[in-house]
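Read through the structure below, which is laid out as structure tokens, and then see the notes.
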Amino acid sequence: MSTTFWIIIAGAVATYLTRVGGHLLLSRFERLHPRVEAGLNAVPAAVLTTLVAPAALSAGPAELAALAVAAVVGLRGGLMTMFLAGAAVLIALRHFIG
286 MSTTFWIIIA GAVATYLTRV GGHLLLSRFE RLHPRVEAGL NAVPAAVLTT
336 LVAPAALSAG PAELAALAVA AVVGLRGGLM TMFLAGAAVL IALRHFIG
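Taking our numbering, the leading residue of the sequence shown gets 286, the next gets one more, and so forth.
In structure tokens form, the structure reads like this:
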């Protein structure tokens, strides 16, 4: 089998073990300390930032416009509305700009 296949399998196993390990660790506690809970609540924003920041720094005008629209919509709407607005603007601008 190819090296790519084994890399994908290793990544899947590592992801699974990380998720299960975190669940098993946290399930041992009846109540989490407020600081731990605050830290865990910040994880989605941190992950989103690590995904968006590199693309934003190397983006063209279409991507920057979509990011700006998504940020403005995100201030008023929900997560799905923000995603759909940003995706629609990105698709439209890539279609018209090229």
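The C-beta atom is built at its ideal place from N, Cα and C for all residues, glycine as well.
Exposed or buried, which one is residue i when buried takes at least 16 other CB atoms within 10 Å?
{"i": "Ala323", "result": "exposed"}
{"i": "Gly371", "result": "buried"}
{"i": "Ala351", "result": "buried"}
Helix, strand or coil: which one does DSSP assign to residue i?
{"i": "His308", "result": "helix"}
{"i": "Glu315", "result": "coil"}
{"i": "Ala331", "result": "helix"}
{"i": "Gly324", "result": "helix"}
When you compare only the Cα positions, how much space is there between residue i and residue j?
{"i": "Val417", "j": "Gly363", "result": "As shown, the chain starts at 286 and ends at 383. That puts residue 417 outside it, with no answer to give."}
{"i": "Thr300", "j": "Val374", "result": "32 Å"}
{"i": "Ala327", "j": "Ala377", "result": "32 Å"}
{"i": "Ser312", "j": "Leu302", "result": "15 Å"}
{"i": "Val298", "j": "Glu348", "result": "33 Å"}
{"i": "Leu333", "j": "Ile382", "result": "26 Å"}
{"i": "Gly345", "j": "His380", "result": "13 Å"}
{"i": "Val337", "j": "Arg316", "result": "33 Å"}
{"i": "Glu355", "j": "Met286", "result": "Correcting the residue identity first, residue 355 is Ala in this sequence and not Glu. Looking at the two C-alpha atoms, the distance is approximately 42 Å."}
{"i": "His308", "j": "Leu369", "result": "31 Å"}
{"i": "Ala341", "j": "Met365", "result": "20 Å"}
Tell me the residue span of the alpha helix (DSSP H) that contains residue i.
{"i": "Met365", "result": "Leu364 to Ile382"}
{"i": "Gly359", "result": "Pro346 to Arg361"}
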